[in-house]
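Enquirer:
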Amino acid sequence: NFENIMFCSDDKHPDSLLEGHINQLCARAVAKGINLFKVLQAACINPVQHYKMKVGMLREGDTADMVVVKDLTNFEVLQTYIDGKLVAENGRSNIPHHNYRAINRFDIGNIDATSLKYTAGENPQIQVIAALDGQLITEKILYTSNIENGEVVTNILDDVLKIVVVNRYKKAPPAIAFIKNFGLTEGAIASSVAHDSHNIVAVGTDDKSIANAINKVIQHRGGLSAVGKGRELILPLPVAGLMSNEDAYTIADAYTQIDKFVKEELGSMLRAPFMTLSFMALLVIPHLKLSDLGLFDGDSFTFVSS
197 NFENIMFCSD DKHPDSLLEG HINQLCARAV AKGINLFKVL QAACINPVQH YKMKVGMLRE
257 GDTADMVVVK DLTNFEVLQT YIDGKLVAEN GRSNIPHHNY RAINRFDIGN IDATSLKYTA
317 GENPQIQVIA ALDGQLITEK ILYTSNIENG EVVTNILDDV LKIVVVNRYK KAPPAIAFIK
377 NFGLTEGAIA SSVAHDSHNI VAVGTDDKSI ANAINKVIQH RGGLSAVGKG RELILPLPVA
437 GLMSNEDAYT IADAYTQIDK FVKEELGSML RAPFMTLSFM ALLVIPHLKL SDLGLFDGDS
497 FTFVSS
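Plus 196 on top of the position in the sequence shown (first one is 1) and you've got this note's numbering.
Shown next, in the form of structure tokens:
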């Protein structure tokens, strides 16, 4: 049933895109012995027909919409044509660049670290989000909290850190909970890519670092940030707080640098810390997540106290 199969990818990292996209999937499929023409059908024909796209398919009378590849083994793209015009060659776009004012919305100012305090309750046990490496789901665990001066604080030795979600569309108190398995030993990370509401989500070892990381994102009206070891890194995402207006090579290099910093300098053990972070506020995927309105149990589908 190859007429019903299409290739796609979801949430690829910027630096991974430099290695390939649909062409990379074609190469993998051919390497596994799948018929070349069925692979090309899944990559080129089925999506056009299924979605009724106005894209030529190398038929007489069609517009010349096509890619030229080096070979039918690795599928390295040499040229891209749209409507008969050469729009990209050897990894560089020929499409003219136009300056536009980025569409965006950040209706909040900087936050203060004092707003991130978590007052201890009578029960020392709290619900903690357990992130799973390479997974969108989380686990929920009960943890005997670390209390200092009447406040629940992080415990780096147990890898129980603070997670914060800040509404970026209006001024509101931050939502605060605790999370395990990010592995940070210092500092904090924050992101305005936080499915699906895309508020600001942050994880860190201390309130000052968390506030600093969040404020970096606010000041740049979107992005990924990491602070610690005396350094502050920001990958700006000025388009809706979700996208860059830089070329692919620039953004890929910036992502590689901040990802490396979080792993090698701040201590994260996750394969993709920013990817994992971006799903910690997605309530519809179980089991325990944090939104700007509070901790949410995906099994009972209710907000719960930690």
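We put the CB at the ideal spot given by N, CA and C, even for glycine. Owing to the predicted nature of the structure, the values given are computational and were not obtained by experimental measurement.
So within the region 449-495, which uninterrupted alpha helix (DSSP H) runs reach at least 4 residues, ignoring any that extend past its ends?
Expert: Qualifying alpha helix (DSSP H) stretches, in chain order: 469-474.
Enquirer: Could you spell out where the alpha helix (DSSP H) holding residue 374 opens and where it closes?
Expert: That residue, residue 374, is in no alpha helix (DSSP H); its beta strand (DSSP E) goes 371-376.
Enquirer: Residue 318 by DSSP, collapsed to three states: which one?
Expert: Reduced to three states, the DSSP call for residue 318 is coil.
Enquirer: Return the CA-CA distance between residue 296 and residue 441, expressed in angstroms with no decimal places.
Expert: Going by the C-alpha atoms only, they are around 10 Å apart.
Enquirer: Is it the case that the region 373-392 contacts the region 423-431, given that we only count it when at least three CB pairs across the two stretches are under 8 Å?
Expert: Touching, yes, given that three or more Cβ pairs across the two stretches are closer than 8 Å.
Enquirer: Compute the distance between the beta-carbons of residue 307 and residue 370, then report whether it is under 8 Å.
Expert: Against a cut-off of 8 Å, the Cβ pair of residue 370 and residue 307 comes out as a contact.
Enquirer: Look at the alpha carbon of residue 252 and the alpha carbon of residue 481, and state the distance between them as a whole number of angstroms.
Expert: Each residue's Cα considered, the two are about 38 Å apart.
Enquirer: Between the alpha carbons of residue 335 and residue 377, how many angstroms are there, rounded?
Expert: One C-alpha to the other measures close to 11 Å.
Enquirer: Helix, strand or coil for residue 356 per DSSP?
Expert: In this structure, residue 356 counts as strand in the three-state DSSP scheme.
Enquirer: Mind reading off the beta-carbon distance from residue 346 to residue 309? Whole number of angstroms is fine, and I expect it under 8 Å.
Expert: The pair is not a contact, with the Cβ atoms about 17 Å apart (cut-off 8 Å).
Enquirer: Given this structure, state the Cα-to-Cα distance separating residue 476 from residue 445, to the nearest angstrom.
Expert: Approximately 28 Å between the Cα atoms of the pair.
Enquirer: Relative to the C-alpha of residue 303, which residue among 395, 460, 259 is closest?
Expert: The option with the nearest alpha carbon to residue 303 is 395.
Enquirer: Three or more C-beta pairs under 8 Å: does that hold for the region 427-434 against the region 341-355?
Expert: Judged by Cβ distances under 8 Å, the region 427-434 makes no contact with the region 341-355, as fewer than three pairs qualify.
Enquirer: Return the chain-ordered list of same chain residues with a C-beta closer than 8 Å to the C-beta of residue 217, the five sequence neighbours on each side being excluded.
Expert: The residues are 205, 208.
Enquirer: Quick check on the DSSP output: what are the complete beta strand (DSSP E) runs of length 3 or more inside the region 265-304, in order along the chain?
Expert: Counting whole runs of 3 or more residues, the region 265-304 contains the beta strand (DSSP E) stretches 273-278, 281-285.
Enquirer: For residue 435, write down the residues that DSSP places opposite it in a beta bridge.
Expert: DSSP lists 439 as partners of residue 435.
Enquirer: Here's a check: name, in chain order, each residue in its chain whose Cβ is nearer than 6 Å to the Cβ of residue 450, leaving out the five neighbours to either side.
Expert: Only 431 meet the Cβ criterion.
Enquirer: Alpha carbon to alpha carbon, what distance is there between residue 472 and residue 465?
Expert: Their backbone Cα atoms lie some 11 Å apart in a straight line.
Enquirer: Beta strand (DSSP E) containing residue 336: first to last residue?
Expert: First-last of the beta strand (DSSP E) with residue 336: 334-340.
Enquirer: Report all residues from its chain with a CB closer than 6 Å to the CB of residue 459; omit the five preceding and five following residues, and keep chain order.
Expert: Nothing meets the Cβ criterion.
Enquirer: Confirm, please, whether the CB-CB distance from residue 357 to residue 375 is below 8 Å.
Expert: Yes. Within cutoff.
Enquirer: Short check: CB of residue 247 to CB of residue 260, under 8 Å?
Expert: No.
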